[in-house]
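*Asks:* Attaching a single structure in structure tokens format; questions to follow.
Numbering (UniProt numbering), first residue to last: 1 to 135.
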């Protein structure tokens with residue numbers, strides 16, 4: 001019997017404000033994407049288990065491309081494994097729009113295709129008391 005939670009996908013989009021620029025060229029630090037992964041994972045836990053859950057850890061975090069202030073990013077979590085209390089998530093952060101200050105102060109463009117900036121595998125856990133009531 002296949003678990004209905006497998007394959008559940010949650011996506012958030014977020015504008016990256018200039019206040020988050022950390023390095024020259026308005027580059028945002030890699031931890032920014034990890035924070036967004038936590039947000040999307042929280043919604044996954046709420047949808048799968050009725051609880052915000054807790055992030056237990058990351059595996060295979062990869063920084064493929066930079067994220068800049070002025071970008072719009074799309075962060076996605078897909079449930080790839082369901083354990084008794086744990087859920088494994090495949091995580092992705094892609095830049096879907098990018099600011100173009102070379103054109104003008106407020107210029108931007110839609111990226112087609114988007115640029116995959118960060119990927120990771122994450123493990124979340126939900127409280128045993130909540131799981132025992134549901135299963």
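We put the CB at the ideal spot given by N, CA and C, even for glycine.
The model shown is predicted, which means the values in this text are computed figures rather than measured ones.
Taking residue 6 as the reference, which of 114, 86 and 117 has the closest Cα?
*Replies:* Nearest of 114, 86 and 117 to residue 6, Cα basis: 86.
*Asks:* Given that a residue counts as buried once 16 or more other Cβ atoms are within 10 Å of its Cβ, and exposed if not, what is residue 32?
*Replies:* Counting Cβ neighbours within 10 Å, residue 32 comes out buried, since at least 16 surround it.
*Asks:* Report yes if the CB atom of residue 66 is closer than 8 Å to the CB atom of residue 24, and no otherwise.
*Replies:* No, the pair does not count as a contact, with Cβ atoms beyond the cut-off.
*Asks:* Could you give the first and the last residue of the continuous alpha helix (DSSP H) run that contains residue 35?
*Replies:* Run containing residue 35: 31-49, per the alpha helix (DSSP H) assignment.
*Asks:* Please identify the residue among 74, 124, 19 and 71 whose C-alpha is closest to the C-alpha of residue 84.
*Replies:* Per the Cα distances, 124.
*Asks:* DSSP beta-bridge partners for residue 86?
*Replies:* Looking at the DSSP assignment, residue 86 forms a beta bridge with 125.
*Asks:* Check residue 20 in the structure and name its three-state DSSP category.
*Replies:* In the structure shown, residue 20 sits in a helix (DSSP, three-state: H, G or I).
*Asks:* Spatial neighbours of residue 17 within its chain, please: CB distance less than 7 Å, with the 5 preceding and 5 following residues excluded, ordered by chain position.
*Replies:* Contacts found: 69.
*Asks:* Ends of the beta strand (DSSP E) at residue 54?
*Replies:* Note, residue 54: beta strand (DSSP E), 54-63.
*Asks:* Hey, residue 75 and residue 96: beta-carbon distance below 8 Å or not?
*Replies:* Not in contact: residue 75 and residue 96 (Cβ atoms no closer than 8 Å).
*Asks:* Determine, using beta carbons only, whether residue 41 and residue 77 come nearer to each other than 8 Å.
*Replies:* A contact, by the Cβ cut-off of 8 Å.
*Asks:* Taking residue 2 as part of the beta strand (DSSP E), name the residues at either end of that continuous run.
*Replies:* Per DSSP, residue 2 belongs to no beta strand (DSSP E) and is neither H nor E.
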